[in-house]
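Mapped onto the working numbering, the consecutive letters of the sequence shown carry residue numbers 2 to 339.
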Amino acid sequence: MIKHKFILRFAPVFLGCIFCVQAYAQNTTEFLFVETASDNLRKIMQTNAKAVFVEINSACDQDKPGLNLLPANVTADASKRIHTLWATSHFYCTETDITARVLQLPNGCYQVRNVPVYFEQDSIEENRHQDIAIEFDATGKVSDLYIAIKGCVIYVANDDEVSDMAHRQMIVNFLENFRTAYNRKDLKFLKAVYSEDLLIIAGKVLIQQKQGDTNVLEGTQKIQYHIQNKKQYIDKLERIFKNNVYLNVKFDKIAVVRHEEHPNVYGVTLKQEWYASGGYQDVGWMFLMIDFDDEINPLIWVRTWQPLKNPITGEDIDYSTEEIFTLGDFPFAPFADE
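Printed below as a string of structure tokens:
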């Protein structure tokens, strides 16, 4: 009788624990999309977004090695990209109900933003929380999924408001895909967006000691720059991807300036933070010269990197405005000889 009382006494607690585990495993994210797209298309998009995150949340909870995304919900290209991002770090949606406004993109696709997710593999807690942007094709299928960025300031001269917003959205979408390509270690994407005539300039901090000075911290700080071509950079990047299970590249403080003579060319200056699973961290100013003449297949002609931290002292490096690379420092390669 005592045994029966013991079982009856603790059964509700035991069953409650089972229920909690099942509830977590079966957690679904419900989406409600508003505005822009038609009612019927929004419903299709909601269904497909829910199906994708049901699989993502379930796979994360059960620690599955891969995702089973169905062609009815996701395009083939999107399925590959989501799988690749998942392979670097399992992630899941942290909300059960999400209401988001649908944005119509210049290429005829649609996008919803600010979907909160949690990346399990990042070693830094504050970096684990990210916002995802979901892209849909004209039929409502999920056509891409990438990590969203915030704080993009764009300066576009002599444009009306509509054109300005279209340019802004085009550039932000590219930067988000570009950033996420590093996170998912997508060498194929990066090879495609970097021009064959790519110019890479990377800075390195040197500490110059005075003769007889034994304290390296008191040496004079200097930035030494070296130049690479596309092959050298891609080869180095391939080694980094192989040696690190997880990468997290973050963009912040983004400013965009349009070329005065070539309206489809933009200079992008941003703060980039780099975190690798092997323990390597770095932060610096990155400049990109991007050609959007082909909006679907933009090309990066110039990439520069200027470190923001002294690797020995850990102190910030103070650059003057003239020392930061900008659009005016480089001719646009295809027209340089004109």
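Where a beta carbon is used, it is the ideal one built from N, C-alpha and C, also for glycine. Source: prediction; values computed, not measured.
Taking every protein chain shown into account, the CB of N178 has 16 or more other CB atoms within 10 angstroms, so this residue is buried. When the Cα atoms are used, T305 and A203 turn out to be separated by approximately 6 Å. About 6 Å separates the CB atoms of Y147 and A134; that is less than 8 Å, so the two are in contact. Under the three-state reduction of DSSP output, L309 falls in the coil class, being neither helix nor strand. The beta carbon of F331 sits closer than 7 Å to those of M290 and V303, all from its chain and outside the five residues before and after it, given in chain order. The straight-line gap separating the alpha-carbon atoms of Q112 and T314 is approximately 43 Å. By a beta-carbon distance limit of 8 Å, D123 contacts Y247. Their separation comes to about 7 Å.
Between the alpha carbons of R259 and M171 lies a distance of about 13 Å.
A distance below 7 Å between beta-carbons, with the five flanking residues on each side excluded, links V53 to the following residues of its chain, in chain order: L70, N74, V75 and V143. By the Cβ-count criterion, E121 is exposed, with fewer than 16 other Cβ atoms from all chains shown falling within 10 Å of its own Cβ. Contact between the region 188 to 205 and the region 223 to 235 is present, with at least three C-beta pairs closer than 8 Å. Proximity of the region 32 to 45 to the region 94 to 114 meets the contact definition, three or more beta-carbon pairs being nearer than 8 Å. With contacts defined by Cβ atoms closer than 8 Å, K223 and L238 do not form a contacting pair.
Excluding the 5 residues flanking it on each side, P107 has same chain C-beta neighbours closer than 8 Å at A167, Q170, M171 and E296, in chain order.
For D40, the closest of P72, N115, E31 and G141 by C-alpha to C-alpha distance is G141. Counting C-beta atoms within 10 angstroms of its own C-beta, R180 has 16 or more neighbours from the protein chains shown and is therefore classed as buried. Membership of Q282 in the beta strand (DSSP E) is indicated by the continuous run Q282 to D292.
The beta carbons of V269 and V257 sit closer together than 8 Å. Judged by DSSP in its simplified three-state form, S278 adopts coil rather than helix or strand. Per DSSP, the beta-bridge partners of T270 are A256 and F288. When rounded, the separation of the alpha-carbon atoms in S59 and D78 is 22 Å. Check the Cα spacing between T48 and each of T30, Y183 and A149: the tightest is with T30.
In this structure, the alpha-carbon of N174 lies about 20 Å from that of W286. Judged by their CB atoms, D294 and K272 are not nearer to each other than the 8 Å cut-off. Positions of the alpha helix (DSSP H) runs, each at least 4 residues long and wholly inside the region 60 to 115, are given as 77 to 89 in order along the chain.
For P117, the closest alpha carbon among the candidates D98, A277 and V284 is that of D98.
DSSP places V194 outside any beta strand (DSSP E); the residue lies instead in the alpha helix (DSSP H), whose first and last residues are L188 to V194. Burial check for I150: the Cβ neighbour count within 10 Å reaches 16 or more, so the residue is buried. When the five nearest sequence neighbours on each side are left out, the beta carbons in the same chain lying within less than 7 Å of the beta carbon of D138 are those of T76, C110 and S144, in order along the chain. Between E261 and T327, the alpha-carbon positions lie close to 13 Å from each other. CA-to-CA, the gap between K186 and K251 works out to about 14 Å. Y320 sits in coil when the DSSP states are folded into three classes, being neither helix nor strand.
For K232, the closest C-alpha among the options N115, Y93, D198 and H263 is that of D198.
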